[in-house]
Amino acid sequence: MTPFSARLREIGQPLRKRAIEVLQVNMGKYCNQACIHCHVEAGPGRKEAMTRETVEAILRFLSASKIPTVDITGGAPELNPHFDYLVESCVRLGRRVMDRCNLTVIFEPEKDHLPEFFKANRVELICSLPCYTEENVDKQRGEGTFQPSIRALQRFNELGYGDPATGLELHLVYNPLGAYLPPPQDRLERDYKQILKEEYGIVFNRLYCLANMPITRFEKFLKLRGEYDGYVALLESAFNSATLEKVMCRELLSVGWDGFVYDCDFNQMVNLPLADRNGRALKISELSAEALPDKMILTGNHCYACTAGAGSSCGGALVSEQCA
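Numbering (the working numbering), first residue to last: 1 to 324.
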């Protein structure tokens, strides 16, 4: 394999930070699901959780910056006891708040308030639904997850989510079940919208297609099936330089549950933190958003997953099918 950094040098396109548009906050690894593709390796047995002290450090950083969007993730971030406080504080600061929701979390104990809470704070919902069939969703996310996911989406629709007239945005996320790239996003979105509307009365705004990252839990899954080498080779062979201008790490800063900072959530999981000139990993309490533009972005071979085919980011495909 050609190292990703060497590929960038070959084509003369180094990756540098621009002004930060999205502050992504990982509130911990505790989750009520344990999906096979989860690069966070989140699950019911994980104990890592962001403290109130770290939340306050994030809010201080945010208030001193002009970053317009806060993207909250996990695990299931809503299971962190400081989730509601973080959301409300970001809204008071006038920031757009996004929540990466696994849908079934709203049926957990003491979480039935979440749908109305999301609406009251106009939280943009990005919800995992890796297929529109029960068999595939249960295979990837765990037995019995499809039906409560459908009920959650119907509840969000009842509150106005997914209706362009309300401005309450509801997006779905597709991940492949195995060692292959996502299909064209626009085409799959049409299928999702037609089937979910016809069978369950569900509407949503956009579908985001994400390639699976060959690290942590999904790496182990692939190796057990003897598919790791083939998948990594597929990602490298599908490298598309047109995606480099739009990769999320250019305008995103990722904060781990423990306050350390990264160029992206994937770098967080392979332990590639931002560091000072002495190599000491930095925390959000030590950082200024104004110091980040033009900084070199740390890369690894996992970056091939974000730049293969039409590309992949937290907002789905990066380029159209025609450009891939």
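Backbone N, C-alpha and C define an ideal beta-carbon position, used for all residues, glycine too.
Just so it is clear, the structure is predicted and the values come from calculations on it, not from any experiment.
R206: member of the beta strand (DSSP E) spanning R206 to C209, first to last residue.
Short of 6 Å from the beta carbon of K283, and not among the five residues preceding or following it, lie these beta carbons of its own chain, in chain order: G259 and F260.
Distance between E158 and V87, taken at the CA atoms: about 22 Å. For S237, no beta strand (DSSP E) run applies; the uninterrupted alpha helix (DSSP H) run containing it begins and ends at Y228 to S237, by DSSP. The beta carbon of E108 sits closer than 6 Å to those of N32, all from its chain and outside the five residues before and after it, given in chain order.
Runs of the beta strand (DSSP E) spanning 3 or more residues and lying entirely within the region 14-99 occur at 22-26 and 69-73, in chain order. Here the alpha carbons of G201 and R280 stand approximately 52 Å from one another.
By the Cβ test, the region 38-55 is in contact with the region 69-83, since at least three Cβ pairs between them sit closer than 8 Å. Under the criterion of beta carbons closer than 8 Å, M27 and M50 qualify as touching, at roughly 5 Å. Apart from sequence neighbours up to five positions away, the residues of its chain that approach A19 with a beta-carbon distance below 6 Å are P293, ordered along the chain. In the same chain as V270, and ignoring 5 residues on each side of it, the C-beta atoms closer than 7 Å to its own belong to I215, G300 and H302, in chain order. The C-alpha of G230 is placed about 42 Å away from the C-alpha of D84. Straight-line measurement puts the Cα of Y208 at about 17 Å from the Cα of V22.
Rounded to the nearest whole angstrom, the C-alpha separation of G316 and D276 is 31 Å. For S254, the three-state secondary structure derived from DSSP is strand. With a cutoff of 7 Å on beta-carbon distance, E251 and N205 are scored as not near each other. Spanning the alpha carbons of L153 and R9 requires a straight line of approximately 45 Å. Below 8 Å, too few C-beta pairs join the region 178-186 and the region 130-137 to call them touching: fewer than three. Short of 7 Å from the beta carbon of M213, and not among the five residues preceding or following it, lie these beta carbons of its own chain, in chain order: H39, F266, H302 and A305. Between E48 and K29, the C-beta gap is smaller than 7 Å, which places the two residues in contact. Following the DSSP letters along the chain, one finds S149 inside the alpha helix (DSSP H) bounded by residues F146 to E158. Per the coordinates, the alpha-carbon of A64 lies some 24 Å from the alpha-carbon of P77. Beta-bridge annotation (DSSP): S128 is paired with V173.
CA-to-CA, the gap between G226 and C35 works out to about 19 Å. Our two residues, F146 and L103, have alpha carbons roughly 9 Å apart in a direct line. Sixteen is the threshold: since fewer than 16 other Cβ atoms of the shown chains lie within 10 Å of the Cβ of H113, the residue is exposed. In this structure, S312 sits near A211, with a CB-CB distance shorter than 7 Å. For C101, the secondary structure class from DSSP, reduced to helix, strand or coil, is strand.
In the structure shown, Y304 falls within a helical segment according to DSSP collapsed to helix, strand and coil. In this structure, the CA atom of D163 is about 12 Å from the CA atom of E124. For I58 and S285, the gap between their C-alpha atoms comes out near 7 Å. Here K283 carries a strand assignment [DSSP, helix/strand/coil].
The three-state secondary structure of Y180, taken from DSSP, is coil.
By DSSP's assignment, A275 forms a beta bridge with A281. Note on geometry: alpha-carbon atoms of F221 and N175 lie some 15 Å from one another.
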